[in-house]
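Everything below concerns the one structure shown next.
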Amino acid sequence: MHWSTVLCIASAWSPLIGKAIASHGDDLYAFSDCVYQCEQVTCHNNHYYEFQWRFRNILKDEPDFEFKYYNGDWEFDSIPLPLHLRLLGWTCELNCDYQCQRIIHQMRKDNNEELYQYHGKWPFLRVYGIQELVSAIFSVGNFYVNWLGFKRVFGLMKDKKLDPRLTYANYNVLFLAVVSMMAWTFSTIFHFRDYDLTEKLDYYFAGLTVLSGFHFIASRLLGLFEPGRVYSRISLGAICVGAYACHVYRLVNDWSYTYNMQANIAVGVLQNGGLGLLVYSLYSKFYAEEQAKKASHNGIEKENIMNEPANLSFLKYTSLRRVILPSFYANSPKLYSLYPLLLSTIVMLGMSLEVFDFPPFFFDLVDAHALWHLVTIFPAYYGWFDWLVWDINENILEKAKSD
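In mature numbering (1 follows the signal peptide of the UniProt record, and there is no 0), the protein residues as written are -22 to -1, 1 to 381.
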């Protein structure tokens, strides 16, 4: 499975997991009472609220009086809030909600009770107003490795080390990197502060990531990167742009996590089926070349065949430091053609963290989603873009020359 597709599917799936159990924390009486107490005391300066609780026996016969539990041990931030919180959009009410999540979470932890999510998210420890610090840091890490990929490919193009006849294909690799960087930018913003707008932008660009990956793989399989396929390129691009516009229009008018997940999975299945076909075709091609080479050496001693240098031209597009298990994958183009399968396997293993979700640990800063973002750093750093450049400028160009 192509790693960017797995990323998008997991991003689409994780909110469904959170939303499914969010009501457990939201519906706790202790949580709602805590929020009410905090708002009365800090936001509304209602100092007689405590006395209402003390004299509840006198007021219990009042038909319109609603009692809320009062806990004198609960301590809340004073108003006004610090500047760094206000700059990140924290209001008194939102701050009360956050504080009560932390208070009730710690109470349940101390009493060895089951821990719950609130509003579909775990009650992370806020750091200088940032809601999910570690996820935000790892999102920045993903942005950085995609920037390195972009910089690498752009540098090769600038130095004219990539064949100019396949400029369109090389620009598509750059486009993949740019879309990924935009997606991780909005992921970082979303983990900084969870608003309706930041959440939707995160999902819009995650969807764009998987669609751009589909466009790339489809172009590769259909031979649209080869010279002279201009109208076919335009047609496929128009289909993808139209599909994405309809997708966003559907979500803007009727937001649905279920639809978002289904749409991304559908495109992801097509994309990864295409990637599987591509890897299989490349492996088959290099395997056939090896067999043909062996057959042509029937009259030569086996020892001489084994001593012939391997075709390692693909290494000019990458560095062994950015190849996992280089002693295996750098032996031949046949083995290197399988490299995306390893990267996808790593990401799929990381995706299991989203399925087997668990409460945050390490000072309530790290959860499964944060670790998932850590895992997704590795494919982009360890040669995904280099593999794409190799495939374009060796395999596609070779086919174009032979036609």
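Glycine included, every Cβ here is placed at the ideal spot set by N, Cα and C. These figures come from a predicted structure and were not determined experimentally.
> So, helix, strand or coil for I302, using DSSP?
Replying inline: coil
> With respect to the alpha helix (DSSP H) encompassing L199, which residues constitute its N-terminal and C-terminal limits?
Replying inline: D174 to L199
>> Between the alpha carbons of R207 and I370, how many angstroms are there, rounded?
In response: 15 Å
>> Within 10 Å of its beta-carbon, does N124 have 16 or more other beta-carbons around it, so buried, or fewer, so exposed?
In response: buried
> In the DSSP assignment, what are the bridge partners of I108?
Replying inline: V105
> Taking the C-alpha atoms as reference points, what is the distance between residue 415 and R228?
Replying inline: Residue 415 lies beyond the stretch modelled for the chain, which goes from -22 to 381, so this question has no answer here.
> Across which residues does DSSP place K99 in a beta bridge pair?
Replying inline: Y96
> Which residue from F121, L375 and I81 puts its Cα closest to that of M159?
Replying inline: F121
> When the Cα atoms are used, what is the spatial distance from F132 to F102?
Replying inline: 39 Å
> Among residues of its own chain, excluding the 5 on either side of Y265, which ones have a beta-carbon nearer than 8 Å to its beta-carbon?
Replying inline: K312
> Pairing CB atoms from the segment 163 to 171 with CB atoms from the segment 101 to 115, are three or more of them under 8 Å?
Replying inline: yes
>> Less than 8 Å between C-beta atoms, sequence neighbours within five positions excluded: which residues of the same chain meet that for W362?
In response: W(-20), G127, P318 and L321
> With contact counted as at least three CB pairs below 8 Å, one residue from each stretch, are the segment 48 to 55 and the segment 87 to 102 in contact?
Replying inline: no
> alpha helix (DSSP H) containing K46: first to last residue?
Replying inline: Here K46 belongs to no alpha helix (DSSP H), and DSSP marks it neither H nor E.
>> Please identify the residue among L200, N24, T166 and A8 whose C-alpha is closest to the C-alpha of L253.
In response: L200
> How is F339 classed by DSSP in three states: helix, strand or coil?
Replying inline: strand
> Apart from the five residues on each side of it in sequence, which residues of its chain come closer than 8 Å, Cβ to Cβ, to R211?
Replying inline: Y146, S197 and L202
> So N78 and C21 are in contact, right, with Cβ under 8 Å, and what is the actual spacing, rounded?
Replying inline: Looking at the sequence provided, one finds Cys at residue 78 rather than Asn. Actually they are not in contact, since the Cβ atoms of C78 and C21 sit about 13 Å apart, beyond 8 Å.
> Got a sec, what are the start and stop residues for the alpha helix (DSSP H) H351 sits in?
Replying inline: A346 to V353
>> Out of S297, M329, S274 and F116, which one is the CA nearest neighbour of W368?
In response: S297
>> Considering Cα atoms alone, identify which of F336, D180 and A273 is closest to Q95.
In response: F336
> Do you know how far the Cα of S274 is from the Cα of A244?
Replying inline: 45 Å
> Rounded to a whole number of angstroms, what is the C-alpha to C-alpha distance between I(-2) and P205?
Replying inline: Because I(-2) carries a pLDDT of 41, less than 50, the predicted location of this residue cannot be relied on, and the following value inherits that uncertainty. I(-2) and P205: Cα-Cα distance of roughly 52 Å.
> How about G119 and I355: are their beta carbons less than 7 Å apart?
Replying inline: yes
>> Given this structure, state the Cα-to-Cα distance separating G67 from L255, to the nearest angstrom.
In response: 48 Å
> Quick one, are the C-beta atoms of L366 and V13 less than 7 Å apart?
Replying inline: no
> Does the Cβ of N309 have 16 or more other Cβ atoms within 10 Å, making it buried, or fewer, making it exposed?
Replying inline: exposed
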